[in-house]
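Read the structure below first, then the notes.
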Amino acid sequence: MLDGFRKRLRGGSGPDAVVRVDNLPDRIMEALLESDVGFDVAAELVSDTMKALGKVSKVTVAQYEQALRTSIKSVIDSGNEQPDLLKPGKKPFVILFLGINGTGKTTSIAKLARFFVESGKRVVIAASDTFRAGAIEQIAKHGENLGINVIRQPKGSDPSAVAFDAIAHAKARNADYVLIDTAGRMQTNRNLLEEMKKIRRVASPDFTILVLDSVTGQDAIEQAGTFLSEVSLDGIIMTKMDTDARGGGIISVISALKKPVLFVGTGQAYEDFMPFDADWYLDRILPKNEAESDQV
Ligand SMILES: Nc1nc2c(ncn2[C@@H]2O[C@H](COP(=O)(O)OP(=O)(O)OP(=O)(O)O)[C@@H](O)[C@H]2O)c(=O)[nH]1
Ligand SMILES: [Mg+2]
Numbered sequence: 001m002l003d004g005f006r007k008r009l010r011g012g013s014g015p016d017a018v019v020r021v022d023n024l025p026d027r028i029m030e031a032l033l034e035s036d037v038g039f040d041v042a043a044e045l046v047s048d049t050m051k052a053l054g055k056v057s058k059v060t061v062a063q064y065e066q067a068l069r070t071s072i073k074s075v076i077d078s079g080n081e082q083p084d085l086l087k088p089g090k091k092p093f094v095i096l097f098l099g100i101n102g103t104g105k106t107t108s109i110a111k112l113a114r115f116f117v118e119s120g121k122r123v124v125i126a127a128s129d130t131f132r133a134g135a136i137e138q139i140a141k142h143g144e145n146l147g148i149n150v151i152r153q154p155k156g157s158d159p160s161a162v163a164f165d166a167i168a169h170a171k172a173r174n175a176d177y178v179l180i181d182t183a184g185r186m187q188t189n190r191n192l193l194e195e196m197k198k199i200r201r202v203a204s205p206d207f208t209i210l211v212l213d214s215v216t217g218q219d220a221i222e223q224a225g226t227f228l229s230e231v232s233l234d235g236i237i238m239t240k241m242d243t244d245a246r247g248g249g250i251i252s253v254i255s256a257l258k259k260p261v262l263f264v265g266t267g268q269a270y271e272d273f274m275p276f277d278a279d280w281y282l283d284r285i286l287p288k289n290e291a292e293s294d295q296v
């Protein structure tokens, strides 16, 4: 997972290979772009890294990897302030999920619901994707597997009404969270975008999460931009990190959107999910220990 990043950066050299500093900016830039880091943030990372290396003519691969790792960490830290979703300060805390088709919204809702339940919380899910065939059954099945109440109405019902019902149910049962599943929509899909705004008016969510598929790379940022122009977002879940060989998309997403990545999906099973941790991520794209121990 994500290991292509360092391979591209090294281009076959070992950690203690010595390289000329004047070749480095191009080499790092190219590796970043190939790893799905957007142009602007890649340029910023290159310039930061070169500044950190200082006025020397040669460095080892391990040294510039460490400098780059530090630069990436500061980009991530600058846009990634984490809310404490386990202490939301309101009950029920209503979370709306958005994203285009197939990014992993429904799966992520099930995973997050499980995460909350394991932390001793009570969860209600609103099956507000009343649009796609099989969507209600899909989320209902997750509810069954996890022992979580899924509030549903027949296919074609008003998604806002389902969300409204789920919130009423959560209030009556003193539940901690309502998670609202929604239909996947394209940026160009006007009706569904209008419907999304209606859900927001009716359910007035306390928190809105955009689900992005890490494999879609730079497109993900464009998608996010469209959603951002329609509604405000509070955080992001990046899915399918396990199938992402390029690895740099998350850097671009945080830098472009200035919204925290809350969780990452790392597989199809419920447990393939975890709160996003910058060090976990950095350890995958540019592992620290080996680089450190190999420094000359
Ligand atoms: N490998 C992998 N697959 C994932 C991950 N998250 C979701 N998937 C898979 O992606 C596919 C789509 O997931 P869904 O949760 O149905 O996506 P969705 O966004 O709800 O899709 P629509 O409702 O059609 O818009 C399913 O096959 C999931 O198992 C992940 O982190 N890793
Ligand atoms: Mg879905």
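Residues 1 to 296 in the numbering used here are what the sequence shown spells out, letter by letter.
Just so it is clear, CB atoms sit at the ideal spot from N, CA and C, and this is done for glycine as well.
Computed from a predicted model, the values in this text were never measured in an experiment.
Under 8 Å between C-beta atoms of residue i and residue j
i: Lys-58; j: Val-123; result: no
i: Leu-222; j: Met-196; result: Correcting the residue type first, residue 222 is Glu in the shown sequence and not Leu. Not a contact, by the Cβ cut-off of 8 Å.
i: Phe-93; j: Tyr-177; result: yes
i: Leu-85; j: Leu-262; result: yes
i: Lys-73; j: Ala-220; result: no
i: Thr-208; j: Leu-98; result: yes
i: Ile-95; j: Leu-193; result: no
i: Ala-224; j: Asp-181; result: no
i: Asn-80; j: Gly-184; result: no
i: Met-241; j: Val-253; result: no
i: Asp-22; j: Thr-60; result: no
i: Gly-248; j: Ser-35; result: yes
i: Ile-285; j: Leu-53; result: no
Proximity to residue i [Cα-Cα], best of the options
i: Ala-256; options: Asp-16, Val-37, Val-21; result: Val-37
i: Gly-120; options: Asp-244, Lys-141, Lys-87, Gly-225; result: Lys-87
i: Lys-141; options: Asp-279, Tyr-270, Leu-2, Ala-224; result: Tyr-270
i: Phe-115; options: Thr-103, Leu-146, Phe-131; result: Leu-146
i: Arg-200; options: Ile-167, Ser-214, Thr-216; result: Ile-167
i: Gln-68; options: Ile-250, Gln-82, Leu-32, Ser-157; result: Sequence inspection shows Leu at residue 68; the Gln mentioned does not correspond to that position. Cα-wise, what sits closest to Leu-68 is Leu-32.
i: Ala-161; options: Asp-129, Ala-172, Ile-148, Glu-144; result: Asp-129
i: Tyr-298; options: Phe-131, Gly-89, Ser-13, Pro-83; result: No information on residue 298 is available, as it lies outside the stretch 1 to 296 that the chain covers here.
i: Gln-82; options: Phe-273, Gln-268, Asp-234; result: Asp-234
i: Arg-132; options: Glu-118, Leu-112, Lys-198, Ser-157; result: Ser-157
i: Gly-217; options: Met-29, Phe-39, Arg-20, Leu-282; result: Phe-39
i: Asp-77; options: Leu-228, Lys-258, Glu-118, Met-29; result: Lys-258
Own chain residues within Cβ distance below 7 Å of residue i, not counting five before or after
i: Ala-245; result: Gly-4
i: Pro-25; result: Val-46, Met-50
i: Val-150; result: Ile-125, Ala-127, Ile-139, Ala-140, Gly-143
i: Ala-291; result: Confidence is the limiting factor: at Ala-291 the pLDDT is only 42, short of 50, which leaves the residue's position unreliable, though a coordinate-based value still follows. Answer for Ala-291: Pro-15, Ala-62, Glu-65, Gln-66, listed in chain order.
i: Val-215; result: Lys-240, Thr-243, Asp-244
Assumed close pair residue i, residue j - CB separation to whole angstroms, cut-off 8 Å
i: Ile-236; j: Pro-205; result: Their Cβ separation, rounded to whole angstroms, is 15 Å, which puts Ile-236 and Pro-205 out of contact at 8 Å.
i: Ile-136; j: Lys-155; result: 6 Å
i: Asn-203; j: Ala-170; result: Here residue 203 turns out to be Ala, not Asn, going by the sequence shown. Rounded, the Cβ-Cβ distance is 11 Å, inconsistent with contact.
i: Phe-212; j: Thr-103; result: Sequence inspection shows Leu at residue 212; the Phe mentioned does not correspond to that position. The Cβ separation is near 6 Å, so the contact holds.
Cβ shell of residue i (< 8 Å), same chain only, five flanking positions each side left out
i: Asn-347; result: The chain is shown from 1 up to 296; residue 347 falls before or after that span and cannot be answered.
i: Val-75; result: Val-41, Glu-44, Leu-45, Ile-251, Ile-254, Ser-255
Cβ shell of residue i (< 6 Å), same chain only, five flanking positions each side left out
i: Lys-288; result: none
i: Ala-110; result: His-142
_Any alpha helix (DSSP H) of 4 or more consecutive residues that is wholly inside the stretch 32-97_ = 39-53, 61-78
*Which runs of the beta strand (DSSP E), 3 residues or longer, sit entirely within the stretch 111-176?*
123-127, 149-151
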